[in-house]
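Numbers 1 to 668, taken from my numbering, label the letters of the sequence shown in order.
Below is one structure, written out as C-alpha cells; the observations come after it.
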Amino acid sequence: MLRGMPLNLAEKRCLREKSQIQRGKRRARQDRGGVFSCCSRLRYACILALHSLGLALLSGLHAARPWRHTLKQIGGQFGSSVLSYFLFLKTLLAFNALLLLLLLGLLAGVQAALPPGPPDPAPAFTGLELLTGGGCFTHTVMYYGYYSNATLNQPCVPPRDGHQCSPGASSLPYNMPLAYLFTMGAAFFITCISLVYSMSHAFGESYRVGSTKGVHAITVFCSWDYKVTEKRASRLQQDNIRTQLKELLAEWQLHRSPQSLRGRLRRAVLLGLAWLLCLGTMLGCSVAVFVFSEVTIQSPVSAGQEARLLALPLVVSLLNLGASYLFRGLAALERHESPGLEVYVSICRNLILKMAILGILCYHWLGRRVAALQGQCWEDFVGQELYRFMVMDFLFALLDTLFGELVWRLISERKLKRRRKPEFDIARNVLDLIYGQTLTWLGVLFSPLLPAVQVLRLLLLFLVKKASLMANCQAPRRPWLASHMSTVFLTLLCFPSFLGAAIFLCYAVWQVKPSSTCGPFRTLDTMYEAGRVWVRHLESAGPGASWVPWLHRYLVESTFFLFLASALLLAIIYFNIQVVKGQRKVISLLKEQIRNEGEDKIFLINRLHSVYERKERSRAHRNEEAVMPSALLADGGDSWWDSEGPCRLPQHPQLRSVTTSWQAETRI
C-alpha cells in the first residue's frame with residue numbers, strides 16, 4: 001500500500017519508520033501483558049473512531065471552502081495577475097473573521113447575554129433597514145448606542161424557598177466601558193501585527209533572490225507535481241504551467257524590445273496630459289463630495305424620509321465608478337509597454353481618488369456631524385452612515401459586474417459579432433476591496449458588528465466575481481508575471497488604509513466628546529477617560545493593586561514608551577529587511593560561485609578534449625609511419641640505396657629500430 005502512494009522517497013521512508021515503531025510498541029506491550037483485554041480493545045477502538053471522525057471533519061471543512069479548486073482553476077486559465085485579486089480577497093476574509101471573533105466574544109456576546117433595560121418600542125421591520133441600517137437595527141448590539149455604561153453582573157435567580165441571593169451568587173462584574181475601549185485597542189493591535197506579518201512574509205516570498213524571473217528551465221523541468229493523481233487536478237496543473245510559460249516569455253520579450261527616443265518623448269507628453277486630466281477629475285470629485293455633504297447637513301432628514309439618507313453614499317459610489325472607468329480609458333490610450341505598469345498606474349490613480357474622498361468624509365463625520373447632532377447619538381449615525389456606504393458600494397459592484405461584464409459580452413458576441421470578451425479589471429476591483437475594508441475599520445468603533453457585514457460581503461463578492469470571470473471574461477491578451485502583486489496590495493492596505501483608519505479612531509477616542517444620551521462613554525468627556533476612571537478606582541481600592549496605576553501612568557500615558565515601542569517596531573522591520581538583503585546577497589554569491597565552478601569545469605573538459613585529440617593524432621601518425629617500410633619493401637628496396645649508400649633513417653625511435661633490423665637482415 002505504501003508503494004502505491006504518490007509520495008516521494010523521504011516521506012515513504014518516514015512513514016515506514018513510524019509504522020515500524022508503532023508495531024514494535026504494540027508487540028512489546030503484548031509480550032508484557034499478553035493479549036489485549038476487552039477494555040483496552042474498546043479504548044483503542046474509541047480512539048481510532050475519534051481520530052477518523054476528526055479527519056473526516058477536517059476533510060469536510062477543507063471541501064466546504066469556496067476556493068478549494070477555484071484558485072487553481074483561475075491561476076491556470078487567467079494567470080497570476082487575476083489570481084492575485086482572489087488571493088487578496090481571501091486574505092481580507094481571514095482578517096475580518098479574526099476581528100469578528102474578537103468583537104463578538106468580548107463585546108456583542110456579553111451585551112446580548114446581559115441586555116440593558118427595556119428600550120422604547122422598536123419600529124416595525126419594513127425592508128428599507130437592509131439599505132439604511134436604521135429602524136429596528138438601531139436598538140441592537142450592532143451599534144454603539146445599545147451598549148451599557150455600567151458594570152454588568154449576571155442577575156441572581158432567588159431560591160424557591162424565598163431566601164435572598166447570597167453575596168457570592170452573582171458572577172464577576174464586567175466593566176463594559178473599559179471592555180469596549182480595551183477590546184477595540186486589542187482588535188486593532190492584533191490586526192496591525194497580523195497585517196505587518198503578512199506583508200513581511202509576502203515581501204520575503206516575492207523579492208527573494210532566485211525568484212522565477214526569467215528562469216524558464218525551472219518552469220519547464222521542475223513545475224510538475226508528481227503527487228497529482230486526479231485527472232481534473234492534472235488538467236488544472238497543465239493549464240497553470242502553460243500560463244506561467246506565457247507570462248515568462250512575455251516578460252522576456254518585453255525586456256528585449258527597447259523604445260526609441262522619439263517614442264519616449266511622445267509617451268512622456270501623453271502621460272503628462274493623462275495625469276493632468278486625472279488630477280483634475282480627482283479634484284472635481286472631491287469638491288463635489290464636500291459640497292454635497294454640506295447640503296445634507298443643511299437639510300436634515302425627518303421621520304419617514306429615511307431613503308434620503310442614501311443620497312450621499314449614492315453620489316460617492318457614482319463618482320468612484322465613473323472615475324474608475326475614465327482612468328481605465330486613459331490607460332488604454334496611454335498604451336503602456338508593460339501590463340504590470342498599467343495596473344500599478346491605475347491602482348495609484350484610484351487610490352488617490354478614494355483616499356481623498358474618505359478624508360473629506362472623515363471630516364464630515366467627526367467635524368461637522370458631531371456639531372450638528374448635539375443632544376443626539378451621533379455615534380449611531382456615523383455607524384449607520386458607514387453601513388450605508390458599504391451596502392451601496394456592494395450594490396454598485398454587483399451592477400458593474402452585471403452591466404460591465406455580462407451585458408458587454410452579450411453585445412460584443414451577438415451585435416458586434418466579436419469573439420473577444422472583456423478583460424478582468426484588476427486595479428478597480430482591488431481598490432474596491434481596499435475601499436470596503438477601510439470603511440470597515442473606520443466604522444468598527446461605532447458598529448462592532450460591521451466586520452460581520454464585511455465577511456458576508458466578501459463571500460458574496462468571491463462567488464459573484466468567480467462566476468462572472470469564468471463566464472464573461474477572457475485571459476489577458478498580454479500575459480505578465482505578477483510576482484509582486486500580493487506585496488503591493490498588502491502594502492496599500494497597511495499604510496494608506498489601516499494607518500488612516502487608526503488615526504481617525506485615535507482622534508475619536510482622544511479628542512471628540514461622546515454623546516451624553518447613549519453608549520458606554522455617555523458620562524465622560526472622552527472615550528479614553530474610561531481608562532483613567534478605572535485607574536482611579538483601583539487607587540482608591542487599596543495598596544494591593546497599586547502597580548496597575550503605575551503601569552498605566554508610565555506605559556500607557558507616557559510618550560517615552562510610545563516612542564520606544566515605535567522605535568522597537570521600526571528596528572524589527574529594519575532587521576527583517578537587512579536579513580532579507582543578506583539572504584539575497586548570500587544567494588547571489590552562491591550563484592556566482594556555481595557559475596564560476598561551471599566555467600572551470602567547461603575549461604577542464606575542453607583541456608581534456610584537446611589532450612585526447614593530440615593523443616589520437618599522434619597515434620594515427622605512428623600507425624602511418626609503421627606501415628611505410630612494408631610499402632617500400634614491396635617496391636624491391638631500390639629506393640633505400642642511392643649512389644652514396646643507404647638513405648637517412650627516420651627520426652622516430654620505433655621506426656629507426658625496425659629499419660635497422662631490416663637492413664641487417666638484408667646484408668646477411
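For every residue, glycine included, the Cβ atom is placed at its ideal position computed from N, Cα and C.
For A150, no alpha helix (DSSP H) run applies, since DSSP gives it neither H nor E. Here Q474 carries a strand assignment [DSSP, helix/strand/coil]. When R368, A332, K231 are compared, the shortest CA-CA separation from I297 is found for R368. By the C-beta density criterion, R349 is buried, having at least 16 other C-beta atoms within 10 angstroms. Distances from the CA of K72 to each of F403, R242, E529 were compared; the closest alpha carbon is that of R242. Bridge pairing for N175: T151 [DSSP].
Looking at the backbone, the Cα of G76 and that of K591 are separated by about 30 angstroms. Leaving aside the five residues that flank Y143 on each side, the residues in its chain whose CB is nearer than 6 angstroms to its CB run, in chain order, D380, G383, S447. If you ignore the 5 residues before and after R522, its C-beta comes within less than 8 angstroms of the C-beta of N149, P514, S515, S516, all in its own chain and listed in chain order.
Boundaries of the alpha helix (DSSP H) harbouring M355: 339-363, taken from the DSSP string. Separation of W275 and A372 (C-alpha to C-alpha, rounded to the nearest whole angstrom) is 38 angstroms. For I503, the enclosing alpha helix (DSSP H) has its first and last residue at 499-510. Relative to R335, the option among M355, G263, T401, A467 whose CA is nearest is G263.
Sixteen is the threshold: when 16 or more other Cβ atoms of the shown chains lie within 10 Å of the Cβ of T438, as they do, the residue is buried. A Cβ-Cβ contact shorter than 7 angstroms links L99 with P451. Comparing alpha carbon positions, the residue from V370, R457, F462, Q474 closest to E413 is Q474. Excluding the 5 residues flanking it on each side, K466 has same chain C-beta neighbours closer than 6 angstroms at T70, in chain order.
Between M392 and P313, the C-beta gap is smaller than 7 angstroms, which places the two residues in contact. Looking from the CA of S198, the closest CA among G135, E624, L92 belongs to L92. For E597, the three-state secondary structure derived from DSSP is helix. Taking C-alpha positions only, T526 is separated from V533 by approximately 11 angstroms. Among the bridge pairs identified by DSSP, E423 is matched with Q474.
Sequence-distant Cβ neighbours of L490 in its own chain, meaning closer than 6 angstroms and more than five residues away, are S198, M199, A202. Between L442 and E294, the alpha-carbon positions lie close to 20 angstroms from each other.
The three-state reading of DSSP puts S618 in helix, counting H, G and I together. In this structure, C377 sits away from A323, with a CB-CB distance that is not shorter than 7 angstroms.
Just so you know, the alpha carbons of V627 and A620 end up roughly 11 angstroms apart. Annotated three-state conformation of V444 is coil, per DSSP. When secondary structure is reduced to three states using DSSP, E11 falls in the helix class. The C-beta distance from C136 to P116 rounds to 16 angstroms, too long to meet the 8 angstroms contact threshold.
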